[in-house]
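**Q** Using our numbering, the first residue of the sequence shown is number 44, and each one after it goes up by one.
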Amino acid sequence: MILPFVILLLPFLSVVHSWVWSTVSSQAPKVSGHSVGSISSDEIILFGGLTGPAGSPCTDDTWYFNGKEWSLVDCDQKPRVRMYAASAVLNEKFYIFGGWDPMSPGSGGEFLDDIWQFDWTKKEWKCLESKLPYPVSRHTACTISNENSIIIHTYQKNLLVFKEDFITEQETKGDHQPIGYSMCAVAPLSSTKMVLFGGSTKNQQMSQDAYLLDTETWTWTKLLIAEDGEAPPIMASCSAAPMSENQLLLFGGAGIQPTGYEGGMGLVPQDETWMLTVLDDTTARWTKTDCLTKPDGRVAASLSPVGSSFLLQGGYDPLAKCTFDAPWILKP
44 MILPFVILLL
54 PFLSVVHSWV
64 WSTVSSQAPK
74 VSGHSVGSIS
84 SDEIILFGGL
94 TGPAGSPCTD
104 DTWYFNGKEW
114 SLVDCDQKPR
124 VRMYAASAVL
134 NEKFYIFGGW
144 DPMSPGSGGE
154 FLDDIWQFDW
164 TKKEWKCLES
174 KLPYPVSRHT
184 ACTISNENSI
194 IIHTYQKNLL
204 VFKEDFITEQ
214 ETKGDHQPIG
224 YSMCAVAPLS
234 STKMVLFGGS
244 TKNQQMSQDA
254 YLLDTETWTW
264 TKLLIAEDGE
274 APPIMASCSA
284 APMSENQLLL
294 FGGAGIQPTG
304 YEGGMGLVPQ
314 DETWMLTVLD
324 DTTARWTKTD
334 CLTKPDGRVA
344 ASLSPVGSSF
354 LLQGGYDPLA
364 KCTFDAPWIL
374 KP
């Protein structure tokens, strides 16, 4: 596969034509706002999520993807139902952090601060004694291998670091930091860095900025986009996955109409696939794919590496009020 190399050599190419999206025939989870993690190069664990439009029940199902198809996992003890929890895999164990249980319609639900660990080898969930310092949802998590830890980004200034089953707060530096944003997309970049894109404030002010976090110095850098490149629109609730040491993949998300949020009806779902190439510690280039067949636009889906491909699962179309279940595979 030489495409990323070609893009670096020919910066005037802003559209990739050779990528292929295709559907997979499989029983699959029909959810949005769920939690996922890759426990190997082609195995994925999925938990929870919302089963339909607002007001629909959340689920506490655990699913396993073996590289070809999904199957339900029978668990005795498991977390309570929830959506918008952050999740990541560390040392081949799957973790979920907090989230939101909507409970009965009109109740306001409950924001959660618990931490759960799933051991695939034992098919067992375990609730850890450690908790988040505050209940939170719509946050994001990313494993940083060099730190042997999971970095959690919330709407607050300090990051949360999960290491050896404990949570600590970490101050960060940088002239421009993604403070106040939720529903961001994150992916690791090399063994010490991660990229965060997009997101929305509590007042539905959305972003199209990409930030690079260096965990050796705990410094955020707002990446400058190469002048000859095109960038994704302002949006939130995208799905992201790592591609290489300096590239990540992005799909979907939603922008907002000029008329405003309108209880979610003002959201505009996106159906574009983007690749971000980080050229150095300050500059990046976006490349948009051009696929003849592609998934419908959606928010709150998941995107996971599966071998040399990527699996898109679930998500929700806020205009059609449709929750998706058909798995999509992208082959770069």
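Glycine residues also receive a C-beta, built at the ideal position from the N, C-alpha and C atoms.
Ignoring anything shorter than 4 residues or poking outside the region 68–153, list the alpha helix (DSSP H) runs there in chain order.
**A** Runs of the alpha helix (DSSP H) inside the region 68–153: none found.
**Q** Please report how far the alpha carbon of P370 lies from the alpha carbon of L355, in whole angstroms.
**A** The residue given as residue 370 occupies position 327 in the sequence shown. The residue given as residue 355 occupies position 312 in the sequence shown. Spanning the two alpha carbons is a distance of roughly 6 Å.
**Q** Using alpha carbons as the reference points, say which of V79, D360, Q251, L202 lies closest to I268.
**A** By 1-based counting over the sequence shown, the position of residue 268 is 225. Here the closest residue by C-alpha is Q251.
**Q** With the cut-off set at 7 Å, would you say K206 and S188 are in Cβ contact?
**A** Position 163 of the sequence shown, counted from the start, is the residue given in the question as residue 206. Position 145 of the sequence shown, counted from the start, is the residue given in the question as residue 188. Not a contact, by the Cβ cut-off of 7 Å.
**Q** Is there a Cβ from chain D that is less than 7 Å from the Cβ of L171?
**A** No chain D appears in the structure shown, which is made up of a single protein chain.
**Q** Less than 6 Å between C-beta atoms, sequence neighbours within five positions excluded: which residues of the same chain meet that for T133?
**A** The residue labelled residue 133 in the question sits at position 90 within the sequence shown. A quick correction: the sequence has Leu, not Thr, at residue 133. The residues are T186, I193.
**Q** Looking at the strands, I want to know which residues DSSP matches up with A344.
**A** Here residue 344 refers to the residue found at position 301 of the sequence shown. Beta-bridge pairing links A344 to no other residue.
**Q** Tell whether a beta-carbon distance below 7 Å holds between Q69 and W113.
**A** The residue given as residue 69 occupies position 26 in the sequence shown. The residue given as residue 113 occupies position 70 in the sequence shown. First, the residue type needs correcting, since residue 69 is Ser and not Gln in the sequence shown. Result yes, Cβ atoms of S69 and W113 sit closer than 7 Å.
**Q** Could you tell me which residues DSSP puts in a beta bridge with S287?
**A** The sequence position of residue 287 within the sequence shown is 244, counting from 1. In the DSSP output, where bridge partners are listed per residue, S287 has Q290.
**Q** Within the region 268–333, note down every full beta strand (DSSP E) run reaching 3 residues or more, in order along the chain.
**A** Counting only runs of 3 or more, we get 282–287, 290–294, 297–299, 310–312, 316–321, 326–332.
**Q** Which residues in the same chain as L202 place their Cβ atom closer than 7 Å to its Cβ, once the five residues preceding and following it in sequence are excluded?
**A** Numbered from its first residue, the sequence shown carries residue 202 at position 159. Excluding sequence neighbours, L202 sits near I194, I195, H196, Q213, T215.
**Q** Taking 8 Å as the cut-off, does the region 284–291 touch the region 257–272 (at least 3 CB pairs, one atom from each stretch)?
**A** No, because fewer than three Cβ pairs between the region 257–272 and the region 284–291 fall closer than 8 Å, the two stretches do not touch.
**Q** Indicate whether the contact test is met: 3 or more Cβ pairs, each with one atom in the region 219–235 and one in the region 163–171, closer than 8 Å.
**A** They do not touch, by the three-pair rule.
**Q** Starting from D257, follow the beta strand (DSSP E) in both directions and report where the run begins and ends.
**A** On the sequence shown, residue 257 is found 214 positions in, with the first residue counted as 1. Segment 253–257, the beta strand (DSSP E) holding D257.
**Q** Which value, in whole angstroms, describes the spacing of the CA atoms of D156 and Y177?
**A** The sequence position of residue 156 within the sequence shown is 113, counting from 1. The sequence position of residue 177 within the sequence shown is 134, counting from 1. If I take the Cα positions, the gap works out to 6 Å.
**Q** For D360, count neighbouring Cβ atoms within 10 angstroms of its own Cβ and tell me buried if that reaches 16, exposed if not.
**A** Against the sequence shown, residue 360 aligns to sequence position 317. Buried.
**Q** Just how far apart, CA to CA, sit P96 and P148?
**A** Here the question's residue 96 lines up with position 53 in the sequence shown. Here the question's residue 148 lines up with position 105 in the sequence shown. Cα-Cα distance, rounded: 12 Å.
**Q** When you compare the CB positions of G340 and Q313, do they come within less than 7 Å of one another, or not?
**A** The residue you call residue 340 lines up with position 297 of the sequence shown. The residue you call residue 313 lines up with position 270 of the sequence shown. Yes, these two residues count as a Cβ contact at 7 Å.
**Q** S173 by DSSP, collapsed to three states: which one?
**A** Locating residue 173 in the sequence shown gives position 130, where the first residue counts as 1. S173: strand per DSSP, three-state reduction.
**Q** When burial is assigned at 16 or more other CB atoms within 10 Å of the CB, is A363 buried or exposed?
**A** One-based indexing of the sequence shown puts residue 363 at position 320. The residue is exposed, with fewer than 16 neighbouring Cβ atoms inside 10 Å.
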